[in-house]
Structure formats: C-alpha cells, structure tokens
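**Q** Its first residue numbered 20, the sequence shown is counted upward by one per residue in the working numbering.
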Amino acid sequence: MNFLGFLVDKGLLPANERAKVETELAKKRPLAEALAERGVSLADALKATGDAYGIPARLLGDPPADDQVFQYIPLDSARHYGFVPLGITDGALEVGITDPDNIEAIDALQFISGKIGMPYKITLITKEDFDRVLEAYKNLSGEVGRALSEYDTVAKSPTTDRQSPDAVTSLEGASASGEESLNLSGPHEALKEDAPVTKIVSTILRYAIEGHSSDIHIEPSATKTRVRFRMDGKLHTSIELPAKVHEAVVARIKILSKLRLDEKRKPQDGRFSATVEKRRVDFRVSTFPTEYGEKVEMRILDRSTTTTTLESVGF
Numbered sequence: 020m021n022f023l024g025f026l027v028d029k030g031l032l033p034a035n036e037r038a039k040v041e042t043e044l045a046k047k048r049p050l051a052e053a054l055a056e057r058g059v060s061l062a063d064a065l066k067a068t069g070d071a072y073g074i075p076a077r078l079l080g081d082p083p084a085d086d087q088v089f090q091y092i093p094l095d096s097a098r099h100y101g102f103v104p105l106g107i108t109d110g111a112l113e114v115g116i117t118d119p120d121n122i123e124a125i126d127a128l129q130f131i132s133g134k135i136g137m138p139y140k141i142t143l144i145t146k147e148d149f150d151r152v153l154e155a156y157k158n159l160s161g162e163v164g165r166a167l168s169e170y171d172t173v174a175k176s177p178t179t180d181r182q183s184p185d186a187v188t189s190l191e192g193a194s195a196s197g198e199e200s201l202n203l204s205g206p207h208e209a210l211k212e213d214a215p216v217t218k219i220v221s222t223i224l225r226y227a228i229e230g231h232s233s234d235i236h237i238e239p240s241a242t243k244t245r246v247r248f249r250m251d252g253k254l255h256t257s258i259e260l261p262a263k264v265h266e267a268v269v270a271r272i273k274i275l276s277k278l279r280l281d282e283k284r285k286p287q288d289g290r291f292s293a294t295v296e297k298r299r300v301d302f303r304v305s306t307f308p309t310e311y312g313e314k315v316e317m318r319i320l321d322r323s324t325t326t327t328t329l330e331s332v333g334f
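Here you go:
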C-alpha cells in the first residue's frame with residue numbers, strides 16, 4: 020500500500036481527495052502543501068504510517084543524506100527497490116524506504132547488508148525525500164562514492180590481483196606536444212567502463228572544471244584524503260576520500276602528468292590536458308612529499324577563457 024492509500028485507509032485523508040492529491044503531485048506540487056490544504060500534517064501522517072508498521076519515520080533535512088554512504092547501495096538498486104542510504108548510526112546503515120510492504124526491497128536489503136558486512140535499520144521517508152536523495156547521487160560525492168564501491172569490490176575479489184597504478188589507468192591518447200590528454204565529456208556514459216580509480220580522478224577533474232575552479236588540492240592525512248577546490252580565491256573542501264585510495268589516485272595523476280611513480284621523496288612538476296564539451300583545459304601538476312603521502316596541487320588553465328589584455332581595458 021502506498022503512502023496516500025494508507026492515509027485514506029486510516030481515515031486521515033478523505034477517499035475522494037486521493038486522486039486530486041495525486042494529480043497535484045504529478046504537477047510537482049509539494050506533498051506537504053497538498054496535504055496541509057486538506058488539514059493533514061505531513062510529519063504527523065508520516066509518523067502515523069511508521070507507527071503502524073513498527074518502524075521510525077522522519078522528514079529529511081538539507082542535505083537529505085550523508086553522501087559518504089552512497090557507496091554502499093548502487094544507484095540502480097536504489098531506484099529499482101525504492102530505498103536509499105541515509106547515514107550510519109550506531110554502526111548500522113540507516114536506509115530510507117517509501118513502501119514498507121515491498122518484500123522484494125527487504126530481501127535486497129538483507130543481501131546488501133551481508134555483502135557489505137554491516138547491519139541496517141529502516142526509516143520511512145516520503146517519495147519527495149527519496150527523490151531528493153536520488154538527485155544527490157548525481158553530485159560529486161555520489162559519483163565518487165559509487166566508484167569507491169567498485170574499488171572495494173575489485174579489491175575484495177579473489178580472482179583479481181591487486182591493481183597496480185598502471186592497471187587502473189587507461190589514457191585516451193597523447194597530444195602532438197607529448198602531453199597526455201583525456202576526454203572528460205559525457206559525465207556518466209563516457210566513464211562507465213573505466214577502472215574505479217580512473218573514474219574517481221576523472222570525476223574530480225570534471226567537477227572542478229564545471230565549477231570554474233582555479234586549483235585542485237589533494238591532501239592526505241592519517242585517516243582520509245581531503246580534496247579541495249579553489250573558487251573565487253578561497254579553498255573549499257569538496258569531498259573526502261578514504262586513505263586507502265590515496266596512493267592509487269596520486270599514481271593516476273602522476274601517470275597522466277608523466278611523473279615518476281617511484282619518486283615519492285622529492286617534489287615533481289608535470290602537466291596534462293583534458294577535453295570537456297569540446298573545450299581544451301590544461302592542468303599544471305605539482306606533487307609534494309608529506310608525512311602521510313604525496314600532496315598534489317593542480318592549476319587549471321581553461322583555454323576557452325578570454326584573456327584580458329591592456330588594450331581591451333583602454334590602455
């Protein structure tokens with residue numbers, strides 16, 4: 020039974036209003052607004068539904084979920100079964116669902132729980148909040164999170180050898196000048212067949228370019244790697260990666276930049292280029308040794324950006 024059907028069944032929503040609400044929702048009217056007009060509180064209705072099924076229920080805030088947990092449930096599974104990861108609480112993966120009667124979804128959750136080695140607990144959420152979490156999958160953290168999930172799967176596979184830096188890099192080709200060049204166009208389809216670390220690096224580069232960042236900083240620490248973009252002169256943390264992938268990410272960038280993989284004690288400088296939507300973008304790369312691994316700084320130079328000259332400003 021869906022949410023509106025439950026409200027009708029419990030007498031919280033008149034039966035003759037259900038079709039009207041569904042029509043309004045199809046026209047993108049917020050559910051809370053449609054229910055409030057009929058004297059129904061969305062929060063109260065959601066709680067009543069959860070109580071009837073014996074599970075907690077809540078409206079999600081902003082952001083709707085912790086994007087670091089997207090790696091645990093593939094996007095396709097989330098869409099198909101109608102559940103999404105929300106966060107980790109007391110060692111358990113909190114999963115938001117929209118239909119507690121979906122037995123197939125519960126079976127899939129049990130399978131995923133066994134696969135990732137983590138218990139789960141269910142929370143009832145609205146379809147609107149479910150859609151908001153799905154939308155969040157499309158951002159930087161969501162894309163990188165899915166690549167991290169693939170990375171873990173490859174690493175745990177008994178039939179797959181540990182990937183060397185060379186194994187996780189497949190270049191699109193070299194430019195006439197000898198610099199390496201890769202194609203970042205087509206955010207999802209073009210990267211679908213790439214190795215996990217290649218996806219992570221390509222996604223970071225693409226989001227930095229699309230966000231008009233001037234620099235990318237990849238900074239290791241004891242437990243994680245912080246990726247920061249410089250926008251409008253200020254560095255902003257864009258995503259955090261687990262420490263276990265830092266060396267492979269740096270290796271991918273060093274291979275693109277034609278830097279020595281075996282040199283980790285001295286700074287190195289290199290360069291490569293990328294194509295995004297027919298735009299040529301250059302990256303100037305510097306690596307620096309630190310206590311927890313090599314730090315990487317990349318300067319982004321977009322060739323399509325108009326250069327201001329003295330003549331153009333009247334001198």
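Don't be surprised by glycine CBs; every beta carbon is placed ideally from N, CA and C.
Let me check understanding here. Comparing Cα to Cα, which of G106, T145, A227, K47 lies closest to D337?
**A** Nothing about residue 337 can be read from this structure; the chain reaches only from 20 to 334.
**Q** Which two residues bound the contiguous alpha helix (DSSP H) that contains R98?
**A** It spans 94 to 100 - the alpha helix (DSSP H) in which R98 sits, taken as one unbroken run.
**Q** Who are Y156's beta bridge partners in DSSP?
**A** BP columns for Y156 are empty, so no partner.
**Q** Could you give the residue range of the alpha helix (DSSP H) that holds V2?
**A** In this structure the chain extends from 20 to 334, so residue 2 is not present and cannot be described.
**Q** Quick one: residues in its chain with C-beta nearer than 6 Å to the C-beta of A34, no 5 flanking neighbours on either side, listed in chain order?
**A** Excluding residues within five positions, the ones whose Cβ falls inside 6 Å are V27.
**Q** In the DSSP assignment, what residue or residues form a beta bridge with Y139?
**A** Paired residue(s): L112.
**Q** Can you tell me whether L278 is helix, strand or coil according to DSSP?
**A** Correct three-state label for L278: coil.
**Q** If you drop the 5 nearest sequence neighbours on each side, which residues of the same chain put their C-beta closer than 7 Å to that of I311?
**A** Note on residue identity: the sequence assigns Tyr, not Ile, to residue 311. Answer for Y311: P239, S240, A241, listed in chain order.
**Q** Apart from the five residues on each side of it in sequence, which residues of its chain come closer than 6 Å, Cβ to Cβ, to E169?
**A** So the qualifying residues of the chain are P215.
**Q** For A267 and L254, I'd like the C-alpha separation in whole angstroms.
**A** Going from the Cα of A267 to the Cα of L254 covers about 23 Å.
**Q** Reducing DSSP to helix, strand and coil, say where A227 ends up.
**A** Looking at A227 - three-state DSSP - the assignment turns out to be helix.
**Q** In the DSSP output, what is V295 paired with across the bridge?
**A** Paired residue(s): R298.
**Q** Going by alpha carbons, who is nearest to K314 out of V295, D288, S292?
**A** With distances taken between Cα atoms, K314 lies closest to D288.
**Q** According to DSSP, is E56 helix, strand or coil?
**A** Reduced to three states, the DSSP call for E56 is coil.
**Q** When the distance is taken between beta carbons, is I141 closer than 7 Å to I107?
**A** No. Outside cutoff.
**Q** Measure the C-alpha to C-alpha separation of E282 and T309 and round it to an integer number of angstroms.
**A** Distance between the alpha carbons of E282 and T309 is about 13 Å.
**Q** Based on the DSSP output, what are the partners of V40 in its beta bridges?
**A** DSSP output for V40 lists no bridge partner at all.
**Q** Using 7 Å as the threshold, is the C-beta distance between P335 and F307 below it?
**A** Limits of the chain in this structure are 20 at one end and 334 at the other, which puts residue 335 out of reach.
**Q** Within 10 angstroms of the Cβ of K263, are there 16 or more other Cβ atoms? Answer buried if so, exposed if not.
**A** Exposed.
**Q** Under 7 Å between the Cβ atoms of Y139 and L112?
**A** A contact, by the Cβ cut-off of 7 Å.
**Q** Just the Cα atoms here: how many angstroms apart are L336 and G80?
**A** It is not possible to answer for residue 336, since the shown part of the chain is limited to 20 through 334.
**Q** Are the Cβ atoms of L94 and A76 separated by less than 7 Å?
**A** No, the pair does not count as a contact, with Cβ atoms beyond the cut-off.
**Q** Opposite K253 in the DSSP bridges: which residues?
**A** Answer by DSSP bridge pairing, in chain order: M250.
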